[in-house]
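First comes the structure, then the notes that go with it.
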Amino acid sequence: MSMVTACRGLVGALGVFIVLAMSGCAGVSATMTVFDREQQPADQLPADARSAAQIDSTSTRLLWVDGGVSYFAATSMEEPDATCIVVVDGSPEEYPAYCSTSVPIIVEIDEERFALGDTAPGPEWEQLADSFWRAP
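Quick note, the sequence shown lines up with residues 1288 to 1423 if you use the numbering used here.
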């Protein structure tokens, strides 16, 4: 079973629950295609989120923006080989980061499921961006 780290600053407020699909292998963050491109200014988390999420700020990549909520991929500073989904909604300073050494990482937010992984977890998943998927 993989190691899961969840920094849950907004978990109650967002109604966020984490579900991990246990497939893939350790060390995936180095090979996941979302990390193939150089980090751009838009890929950086807000300054107040960098320490709260406890992720490597040089690894963040913006995945998708929906209204006032931004989804980022990142690597963990606490768990070697862990990849994370960071959810930034712009309100408090602590943003949830859901990390695992196995992918896809699947997070449920307000009755929608989001996944981070190079392939869709199943046929019902819609691709939103490189390595980022959504299912109802």
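For each residue, glycine too, the CB sits at the ideal point set by N, CA and C. Just so it is clear, the structure is predicted and the values come from calculations on it, not from any experiment.
Quick one: using the 10 Å Cβ neighbour count with 16 as the cut-off for buried, is residue i buried or exposed?
| i | result |
| --- | --- |
| T1388 | buried |
| T1347 | buried |
| P1410 | exposed |
Measuring only the C-alpha atoms, how far is residue i from residue j?
| i | j | result |
| --- | --- | --- |
| G1404 | P1333 | 23 Å |
| I1392 | I1372 | 8 Å |
| P1408 | D1335 | 32 Å |
| Y1382 | V1356 | 11 Å |
| W1351 | E1413 | 13 Å |
| Y1358 | P1423 | 17 Å |
| G1377 | G1354 | 11 Å |
| E1398 | A1384 | 18 Å |
| Q1331 | F1419 | 17 Å |
| T1362 | T1406 | 18 Å |
CB-CB under 6 Å to residue i, same chain, minus the five flanking residues each way: which ones, in chain order?
| i | result |
| --- | --- |
| D1417 | T1320, V1321 |
| L1415 | W1351, R1421 |
Is the distance from the Cβ of residue i to the Cβ of residue j below 8 Å?
| i | j | result |
| --- | --- | --- |
| A1369 | C1386 | yes |
| I1396 | V1375 | no |
With a CB to CB cut of under 7 Å and the five nearest residues on each side skipped, what residues in its chain are close to residue i?
| i | result |
| --- | --- |
| A1329 | L1349 |
| D1323 | none |
Going by beta carbon distance, what residues of the same chain come within less than 8 Å of residue i, once the five residues before and after it are set aside?
| i | result |
| --- | --- |
| Q1326 | T1345, S1346, T1347, R1348 |
| M1364 | Q1341, I1342, D1343 |
Below 8 Å on the Cβ atoms is my contact criterion, and I expect residue i with residue j to pass it. Report the Cβ-Cβ distance as a whole number of Å.
| i | j | result |
| --- | --- | --- |
| V1394 | F1401 | 5 Å |
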